[in-house]
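In our numbering, the protein residues as written are 2 to 416. Structure first, commentary second.
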Ligand SMILES: *[C@@H]1O[C@H](CO)[C@@H](O)[C@H](O)[C@H]1NC(C)=O
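In structure tokens, the structure reads:
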């Protein structure tokens, strides 16, 4: 027994994160909830109701409009896709009218486009909108999703006691693992716990979830986005410690292209979500999006920072005249030194663009071999700066800029 106990303590199974080979970088794609919520009125609003047509339309746009080639690959169903009752063998049934061909046919369509399909359930007795939840049916639902060839499963936490989630989410995750289909597992476990005053155990959560929502649902307003950013800043040491390849914090959907955020605000959200190493799941209408927003969502430099293979989450490290400086270590690494993405986020709402001047060494950019520096909006304009130099950043109110500072692996050979 003593020997066994020792073995269990050192066994990597008990210290590792969820090992399904998925989400080595934060997942990217599209999720219906924020924009289309629980619109089930296909009679009066056929283009915008939760139906197989909506997800096929978005899959089409992801491919035809160039999102897919940049990494946006998940097409994710959220709540309200089901019939109100399970069938006679307790299996979930998609709404007959809105998903007449069933979920497997939709998965086949999405897969034929080179994309992946996500779906939604709940650890409790009901989904948040009142449809049948998975409690008591984790194994049967997991095998149903595997048969349908689902690629990602978002598991909500309505109609469940947050105290029981330390038991429920692992059970569901293990049920999914047992199907032997790799399915990206998305949790809301810490969100419900922290809302009821329970301190989430992130080490444990990372063993069972690929991504997890920490804070409240996002809606289409700047004040809501600011709340999320402040939550991340206030908890950044704890959250950064648990983020990494295979397991990520999830501050919820990207809003660019909707109604509530200006272009500057949408840009700030996308840049900060990239500093956070967060999933980029857009919730917008890709059939109907202004070019400046689609161009923003397709900015290769911002996406590359989000998808940086090191998977280190960045932090807010300085404030200058109400402009926050957020810094994320990225590749390439040379010796013991990182490259960095620096986001200047202007919290001022009065006046015009601000100029901030930041000495590189004051924000941790201290490599004696210096940095190649460029702005995410103008990657062709590169300069070389050393730790004693200052970068001068011009940033609009309620807006952000992203500066990328890369070490050059070949620096010593070039000179
Ligand atoms: C199931 O879990 C084991 C152990 O962590 C892992 O090696 C395997 O890849 C997982 N399988 C799936 C399909 O997620």
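We treat Cβ as the ideally placed atom computed from N, Cα and C, and that holds for glycine.
Whole angstroms is fine: what's the gap from residue 402's alpha carbon to residue 298's?
14 Å
Taking the continuous beta strand (DSSP E) assigned at residue 345, which residues delimit it?
338 to 347
Residues in its own chain within less than 7 Å of residue 139 by CB, not counting five upstream and five downstream?
172, 173, 176
If we ignore side chains and look at the alpha-carbon of each, how far apart do residue 121 and residue 154 end up?
6 Å
My parser needs the beta strand (DSSP E) runs of 3 or more residues fully inside the region 258 to 291; what are they?
281 to 283
Specify the secondary structure class of residue 6 as computed by DSSP and reduced to three states.
Confidence is the limiting factor: at residue 6 the pLDDT is only 40, short of 50, which leaves the residue's position unreliable, though a coordinate-based value still follows. Residue 6 falls in the helix class under three-state DSSP.
Check whether the region 348 to 368 touches the region 389 to 406, taking contact to mean three or more Cβ pairs, one atom from each stretch, closer than 8 Å.
yes
Between the alpha carbons of residue 382 and residue 205, how many angstroms are there, rounded?
Spanning the two alpha carbons is a distance of roughly 44 Å.
Evaluate the contact criterion for the region 28 to 39 versus the region 282 to 293: three or more CB pairs, one atom per stretch, below 8 Å.
yes
Note down the Cα distance separating residue 211 from residue 308, rounded to an integer number of angstroms.
15 Å
At a cut of 8 Å, does the region 305 to 320 reach the region 236 to 252 through at least three beta carbon pairs?
yes
If you draw a straight line from the C-alpha of residue 130 to the C-alpha of residue 218, how long is it?
14 Å
Starting from the Cα of residue 334, find the closest Cα among 364, 293, 368, 190 and give me that residue.
368
Can you grab the Cα-Cα spacing for the pair residue 201 / residue 273, in whole Å?
23 Å
Any heavy atom of ligand 2 closer than 7 Å to the CB of residue 178?
Annotation note on ligand 2: not contained in the displayed structure, which lists ligand 1 as its ligands.
Excluding the 5 residues flanking residue 180 on each side, which residues of the same chain have their C-beta closer than 6 Å to its C-beta?
143, 144, 147
Can you give the Cα-Cα distance for residue 2 and residue 169, rounded to whole angstroms?
Because residue 2 carries a pLDDT of 39, less than 50, the predicted location of this residue cannot be relied on, and no value is offered for it.
Report all residues from its chain with a CB closer than 6 Å to the CB of residue 75; omit the five preceding and five following residues, and keep chain order.
Result list for residue 75: 28, 30, 117, 119, 153, in chain order.
Can residue 246 be considered in contact with ligand 1, in the sense that its beta carbon sits closer than 7 Å to one or more heavy atoms?
Taking the Cβ of residue 246 as the reference point, every heavy atom of ligand 1 lies at 7 Å or farther away.
Please classify residue 405: does DSSP put it in a helix, a strand, or coil?
strand
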